[in-house]
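Novice: Numbering (the working numbering), first residue to last: 24 to 478. We put the CB at the ideal spot given by N, CA and C, even for glycine. The structure presented is a predicted model; accordingly, all values stated were derived computationally and were not measured. Below is a structure I'd like to ask you about.
Structure, rendered in structure tokens:
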């Protein structure tokens with residue numbers, strides 16, 4: 024085991040932390056860093072796991088990408104890239120407690136190719152296992168029945184489980200037989216001063232008052248909403264897509280290579296006069312920085328997380344779910360004192376829950392279950408349960424041509440599901456429509472993979 028290139032044979036950690044941090048997404052980077060710092064600020068020694076090889080995307084492995092650069096800048100201890108069962112098994116000798124962090128780590132459409140990694144199948148029974156604000160992303164379970172049964176067994180061996188959306192409590196109870204707790208996303212474990220300090224380190228802010236748009240899936244209707252609000256307020260528009268895409272200046276020119284660092288992204292939100300986003304974490308930081316904002320519903324990426332957050336803050340009217348969008352909502356003042364009171368209570372609850380989960384005596388029955396599961400279900404099977412995305416069993420699919428072929432198959436399946444949703448009546452039709460939405464999310468991911476393969 025090596026840590027940031029250094030030998031770590033004698034290193035031991037209080038916590039091994041799992042998250043989506045390597046995925047070149049601002050929210051994924053910052054929510055993982057927030058949780059890492061929550062632990063280290065309390066004197067705990069933390070190792071952030073680098074499971075990028077299991078995700079099968081060369082962009083995620085690049086040590087020069089924005090995710091790796093950020094963690095290196097702030098001295099985050101990262102494991103070497105984890106590739107095999109032997110690598111994962113060795114972690115049991117390195118850490119006492121394993122924590123799977125926030126973001127959509129239990130979204131079947133996003134993580135199915137990584138087997139049961141995010142259910143910590145590789146962790147032995149004598150190790151403490153905690154889920155902090157983990158997310159299904161949607162308010163139903165799309166996982167196939169056989170996979171669901173096994174995931175449920177692993178989850179029942181966790182010492183403590185919390186979810187990021189209140190709808191996740193029902194999913195846990197009805198599909199996994201597990202009782203959990205709702206806690207806020209880890210970014211809320213820190214106040215605005217924590218993020219202002221990060222933002223202060225950024226350079227090259229936009230000049231003059233501007234509307235900042237951080238929209239991952241822009242449409243004509245969303246562009247019209249952005250321009251309408253900008254016209255009403257006399258603002259110019261400054262747009263960033265995601266951490267692996269391009270910056271668009273107000274004149275519409277592409278500033279190639281100018282991918283903002285997370286600190287700059289925070290600065291753009293902090294200093295803007297108005298904020299439009301379809302990102303869950305974009306909305307989180309609108310709350311933290313007290314930004315006047317509108318959120319447009321992300322298509323195919325899950326609404327449950329936004330519903331849960333905006334219900335907590337009392338700002339549900341700031342979510343625009345379907346076009347035609349209504350810019351008039353943005354004219355209403357946000358009662359930030361009331362919002363802060365709710366968020367302060369949520370922060371305190373999350374911190375208390377995490378500290379209790381770390382310190383309460385372990386249930387011997389969970390220890391025994393974890394031991395049996397690791398011996399009977401995991402041993403020798405972890406790698407075969409992670410498919411070609413993780414281990415390159417179909418290398419050609421990492422080429423643009425192979426990904427295009429796979430995307431065509433997914434697109435065809437999505438169309439069939441949509442047709443079934445329209446033809447079949449009632450609940451059955453709605454189920455097929457939901458499944459079509461899942462395939463749409465997979466298709467979006469494949470498009471990102473194709474884009475990465477071209478570069």
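#1: If you draw a straight line from the alpha carbon of residue 187 to that of residue 208, how long is it in whole angstroms?
#2: If the criterion is Cβ atoms closer than 8 angstroms, does the pair residue 338 and residue 362 meet it?
#3: Let me know the beta strand (DSSP E) ranges lying completely inside the segment 197-261, each 3 residues or longer, listed in chain order.
#4: Among 67, 189, 130, 116, whose alpha-carbon lies nearest the alpha-carbon of residue 100?
#5: If I'm right that residue 180 touches residue 148 with Cβ under 8 angstroms, what's the distance once you round it to whole angstroms?
#6: Just to check my reading of the structure: residue 77 and residue 140 have Cβ atoms closer than 8 angstroms, yes? What is that Cβ distance to the nearest angstrom?
#7: What does the Cβ neighbour count give for residue 40, buried or exposed, with the cut at 16 atoms within 10 Å?
#8: Measuring straight from C-alpha to C-alpha, what distance separates residue 153 and residue 364?
#9: If you scan the segment 264-347 from start to end, which runs of the alpha helix (DSSP H) of 4 or more residues do you find wholly inside it?
#10: Would you give the residue range spanned by the alpha helix (DSSP H) that residue 447 belongs to?
#11: My understanding is that residue 321 touches residue 240, with C-beta atoms under 8 angstroms, so please give their C-beta distance in whole angstroms.
#12: Let me check understanding here. Comparing Cα to Cα, which of 406, 91, 443 lies closest to residue 138?
#13: For the putative contact between residue 145 and residue 401, defined by C-beta atoms under 8 angstroms, what is the C-beta separation to the nearest angstrom?
#14: Given residue 221, which residues of its chain have a CB within under 8 angstroms of its CB, disregarding the five upstream and five downstream residues?
#15: Quick check on residue 416: buried or exposed, where buried means 16 or more other Cβ atoms within 10 Å of its Cβ?
#16: Label residue 299 either buried or exposed according to how many other C-beta atoms from any shown protein chain fall within 10 Å of its C-beta, with 16 as the threshold for buried.
#17: Short of 7 angstroms in beta carbon distance, which residues of its chain neighbour residue 302, apart from the five on each side in sequence? Order them along the chain.
#18: For residue 216, which residues of its own chain have a beta-carbon under 8 angstroms away from its beta-carbon, when the five flanking residues on both sides are left out?
#19: Quick one, are the C-beta atoms of residue 94 and residue 88 less than 8 angstroms apart?
#20: For the beta strand (DSSP E) containing residue 161, name the first residue and the last one.
#21: Out of 262, 244, 371, point me to the one whose CA is closest to residue 233's CA.
#22: Taking the Cβ atom as the reference point for each residue, do residue 156 and residue 185 lie within a distance shorter than 8 angstroms?
#23: Can you look up residue 422 in the DSSP assignment and give me helix, strand or coil?
#24: Which one of 324, 386, 254, 62 has the shortest CA to CA distance from residue 353?
#25: Identify whether residue 180 lies in helix, strand or coil by the three-state DSSP scheme.
#26: Spatial neighbours of residue 194 within its chain, please: CB distance less than 6 angstroms, with the 5 preceding and 5 following residues excluded, ordered by chain position.
#27: Could you name the residues of the same chain whose beta carbon sits closer than 7 angstroms to that of residue 104, not counting the 5 residues immediately before and after it, in chain order?
#28: Within 10 angstroms of its Cβ, does residue 313 collect 16 or more other Cβ (buried), or is it exposed?
#29: What are the partner residues of residue 104, as DSSP defines its beta bridges?
#30: Rounded to whole angstroms, what's the CA-CA distance from residue 251 to residue 350? Just pull it up for me.
#31: In angstroms with no decimal places, state the Cα-to-Cα distance between residue 383 and residue 192.
#32: Which of the three DSSP states is assigned to residue 36 in this structure?
#33: Could you please give me the residues that DSSP links to residue 126 through a beta bridge?
#34: What first and last residue would you give for the alpha helix (DSSP H) that runs through residue 378?
#35: Tell me the DSSP secondary structure of residue 416 in three-state form.
#36: Tell me, to the nearest whole angstrom, how far the beta carbon of residue 90 is from that of residue 38; I am working on the premise that it is less than 8 angstroms.
Specialist: In terms of the structure at hand:
#1: Residue 187 sits at position 164 when you count from the first residue of the chain shown. Residue 208 sits at position 185 when you count from the first residue of the chain shown. If you take the alpha carbons of residue 187 and residue 208, they lie about 6 angstroms apart.
#2: For the purposes of this step, residue 338 is taken as residue 315 along the chain shown, with counting starting at 1. For the purposes of this step, residue 362 is taken as residue 339 along the chain shown, with counting starting at 1. Yes. Within cutoff.
#3: 233-237
#4: On the chain shown, residue 100 is found 77 positions in, with the first residue counted as 1. Residue 67 is the option with its Cα nearest to residue 100.
#5: On the chain shown, residue 180 is found 157 positions in, with the first residue counted as 1. On the chain shown, residue 148 is found 125 positions in, with the first residue counted as 1. Their Cβ separation, rounded to whole angstroms, is 7 angstroms, which keeps residue 180 and residue 148 in contact under 8 angstroms.
#6: In the chain shown, the residue the question calls residue 77 occupies position 54. In the chain shown, the residue the question calls residue 140 occupies position 117. Rounded, the Cβ-Cβ distance is 6 angstroms, consistent with contact.
#7: As a first step, residue 40 is located in the chain shown; it is residue number 17 there, counting from the start. By the neighbour-count rule (16 or more Cβ atoms within 10 Å), residue 40 is buried.
#8: For the purposes of this step, residue 153 is identified with residue 130 of the chain shown, where counting begins at 1. For the purposes of this step, residue 364 is identified with residue 341 of the chain shown, where counting begins at 1. Rounded to whole angstroms, residue 153 to residue 364 spans 27 angstroms at the Cα level.
#9: 285-294, 303-311, 327-336
#10: Looking up residue 447 in the chain shown gives position 424. Per DSSP, residue 447 belongs to no alpha helix (DSSP H) and is neither H nor E.
#11: Indexing the chain shown from 1 puts residue 321 at position 298. Indexing the chain shown from 1 puts residue 240 at position 217. Sure, about 6 angstroms apart at Cβ, within 8 angstroms.
#12: For the purposes of this step, residue 138 is taken as residue 115 along the chain shown, with counting starting at 1. Nearest C-alpha to residue 138: 406.
#13: Against the chain shown, residue 145 aligns to sequence position 122. Against the chain shown, residue 401 aligns to sequence position 378. Yes, they are in contact, since the Cβ atoms of residue 145 and residue 401 sit about 6 angstroms apart, within 8 angstroms.
#14: As a working note, residue 221 is residue 198 in the chain shown. Here the set comprises 285, 286, 289.
#15: One-based indexing of the chain shown puts residue 416 at position 393. Confidence is the limiting factor: at residue 416 the pLDDT is only 34, short of 50, which leaves the residue's position unreliable, though a coordinate-based value still follows. Exposed is the call here.
#16: Position 276 of the chain shown holds residue 299. It counts as buried.
#17: Along the chain shown, read from residue 1 onward, the residue named residue 302 stands at position 279. Around residue 302: 50, 237, 239.
#18: The residue given as residue 216 occupies position 193 in the chain shown. Cβ neighbours of residue 216 beyond the five flanking positions: none.
#19: Walking along the chain shown from the start, residue 94 turns up at place 71. Walking along the chain shown from the start, residue 88 turns up at place 65. For residue 94 and residue 88, no; Cβs fall outside 8 angstroms.
#20: If you number the chain shown from 1, residue 161 lands on position 138. Unbroken run through residue 161: none, as it is neither H nor E.
#21: Mapped onto the chain shown, residue 233 falls at position 210. Comparing Cα-Cα distances from residue 233 to each of 262, 244, 371, the minimum goes to 262.
#22: Taking the first residue of the chain shown as position 1, residue 156 is located at position 133. Taking the first residue of the chain shown as position 1, residue 185 is located at position 162. It is a contact, given that the beta carbons lie within the stated cut-off.
#23: Locating residue 422 in the chain shown gives position 399, where the first residue counts as 1. Bear in mind that the predicted position of residue 422 carries a pLDDT of just 47, short of 50, making it unreliable; the figure below should be weighed with that in mind. Three-state DSSP puts residue 422 in coil, outside helix and strand.
#24: On the chain shown, residue 353 is found 330 positions in, with the first residue counted as 1. Cα-wise, what sits closest to residue 353 is 254.
#25: In the chain shown, the residue the question calls residue 180 occupies position 157. DSSP places residue 180 in coil when its eight states are reduced to three.
#26: Taking the first residue of the chain shown as 1, we reach residue 194 at position 171. Counting only Cβ-Cβ distances below 6 angstroms, and skipping sequence neighbours, we find 159, 164.
#27: As a first step, residue 104 must be located in the chain shown, where it is residue number 81. The residues are 73, 75, 76, 84.
#28: The residue given as residue 313 occupies position 290 in the chain shown. Flag for residue 313 reads exposed.
#29: Within the chain shown, the letter at position 81 stands for residue 104. Per DSSP, 73.
#30: Against the chain shown, residue 251 aligns to sequence position 228. Against the chain shown, residue 350 aligns to sequence position 327. C-alpha separation (whole angstroms): 7 angstroms.
#31: Residue mapping note: residue 383 aligns to position 360 of the chain shown, counting from 1. Residue mapping note: residue 192 aligns to position 169 of the chain shown, counting from 1. Using only the alpha carbons, I get a separation of about 21 angstroms.
#32: Position 13 of the chain shown, counting from 1, holds the residue named residue 36. In this structure, residue 36 counts as strand in the three-state DSSP scheme.
#33: Residue numbering aside, residue 126 sits at position 103 when the chain shown is read from its first letter. Residue 126 is bridged to 157.
#34: As a first step, residue 378 must be located in the chain shown, where it is residue number 355. Element bounds for residue 378: 359-382.
#35: Position 393 of the chain shown, counted from the first residue, corresponds to residue 416. Low local confidence applies: a pLDDT of 34 at residue 416 is under 50, so the model's placement there is unreliable, and no value is given.
#36: As a first step, residue 90 is located in the chain shown; it is residue number 67 there, counting from the start. As a first step, residue 38 is located in the chain shown; it is residue number 15 there, counting from the start. Incorrect: roughly 19 angstroms between the Cβ atoms, too far for contact.
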